[in-house]
Amino acid sequence: MQSIFTKAIDLISNFNIKFRTSAMKQEITDEGFQILISSDDFIDLVAREGKRFLKESKKFLSTFKESISITTSAFGKSLFTTSINPRYFIWENFQKRMLNKASDLIPEFKGVLKSMRLTKSIKDYEILAEIGESNIFSIDEACAIFKALTERQPNGEAGDLLNDRYANIIYVRLDEETVVPSFVCWDSSDCKWRLAAFSFDDRSWDAGPCVLVRG
Numbered sequence: 002m003q004s005i006f007t008k009a010i011d012l013i014s015n016f017n018i019k020f021r022t023s024a025m026k027q028e029i030t031d032e033g034f035q036i037l038i039s040s041d042d043f044i045d046l047v048a049r050e051g052k053r054f055l056k057e058s059k060k061f062l063s064t065f066k067e068s069i070s071i072t073t074s075a076f077g078k079s080l081f082t083t084s085i086n087p088r089y090f091i092w093e094n095f096q097k098r099m100l101n102k103a104s105d106l107i108p109e110f111k112g113v114l115k116s117m118r119l120t121k122s123i124k125d126y127e128i129l130a131e132i133g134e135s136n137i138f139s140i141d142e143a144c145a146i147f148k149a150l151t152e153r154q155p156n157g158e159a160g161d162l163l164n165d166r167y168a169n170i171i172y173v174r175l176d177e178e179t180v181v182p183s184f185v186c187w188d189s190s191d192c193k194w195r196l197a198a199f200s201f202d203d204r205s206w207d208a209g210p211c212v213l214v215r216g
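Numbering (this note's numbering), first residue to last: 2 to 216.
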């Protein structure tokens, strides 16, 4: 894989070639071309292109679903352990970090989300650096979102959630100092939605999972 430095050099070289080709079509001499590329305007243009390239190269997420509307009524958190359609498998870490701390009656939720797919193998702190703290949800919000979206795909049908074993991640604030990645993923062997909540930066995420953020 090319380094960012190598890619940047290629970018500038290609930019130079395209610029020279355009200049030749307009019958600009080599001397005129050298004067042109030495100008402040050309240098500023290359600098802007370089900044744009570096900004894009640092992005780890690409838009998967542009707009996901969610509206839920209040519901008891016991639904996650009693529902038969959809069926859930509750990991111990989800029970401990999420359900044990969620409100007994989870409030209604209304909002628009966006799903962003990971394009590289990265850690939680890198994801949060890109999406920002405004995309950290409360425990009750995350539970409401998981409920709403899994009920749309009770048997692992195609929909807003990935259904190919990849995680659908929501960053959740447990307290003032603690944020965790909680996620749901479809297990086709058990025909259940698995719910978990890992420790922050407990692992690196491979390319493929999605992160749910506010739309």
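Beta carbons are placed, not taken as given, at the ideal position from N, Cα and C, and that holds for glycine.
Check: Rounded straight-line distance, which links the Cα of A75 to that of D125; Outcome: 30 Å
Check: Sub-9 Å separation of V212 and M99 beta-carbons; Outcome: no
Check: Boundaries (first-last residue) of the beta strand (DSSP E) holding C192; Outcome: First-last for C192: undefined, no H or E at that position.
Check: Three-state secondary structure assigned by DSSP to D188; Outcome: strand
Check: Sufficient close CB pairs (3 or more, under 8 Å) joining the region 172 to 189 to the region 125 to 142; Outcome: yes
Check: The beta strand (DSSP E) enclosing E142, as first and last residue numbers; Outcome: Looking at the DSSP string, E142 is not in any beta strand (DSSP E); the run it does join, the alpha helix (DSSP H), is 140 to 153.
Check: Identity of the residue in S63, S39, E67, N86 nearest A208 by Cα; Outcome: S63
Check: Closest Cα partner of A130 within the set D31, I36, V214, S39; Outcome: V214
Check: Start-end ranges of the beta strand (DSSP E) lying completely within the region 84 to 111, minimum 3 residues; Outcome: 89 to 91
Check: Residue environment, C186, which counts as buried when at least 16 other CB atoms sit within 10 Å; Outcome: buried
Check: Buried or exposed (CB count within 10 angstroms, at least 16 for buried), N1; Outcome: Nothing about residue 1 can be reported from this structure: the residues present for the chain run from 2 to 216 only.
Check: Rounded straight-line distance, which links the Cα of T83 to that of K56; Outcome: No answer about K56 holds up, because its pLDDT of 46 lies below 50 and its placement is not dependable.
Check: Short Cβ contact (9 Å threshold) for S205 with N94; Outcome: no
Check: Own chain residues within Cβ distance below 6 Å of D188, not counting five before or after; Outcome: R195
Check: Close beta carbons around S70, own chain, < 6 Å, minus the five adjacent residues each side; Outcome: V113
Check: F184 and A145 closer than 9 Å at C-beta; Outcome: no
Check: Test item: CB-CB of A198 and V181 under 9 Å; Outcome: yes
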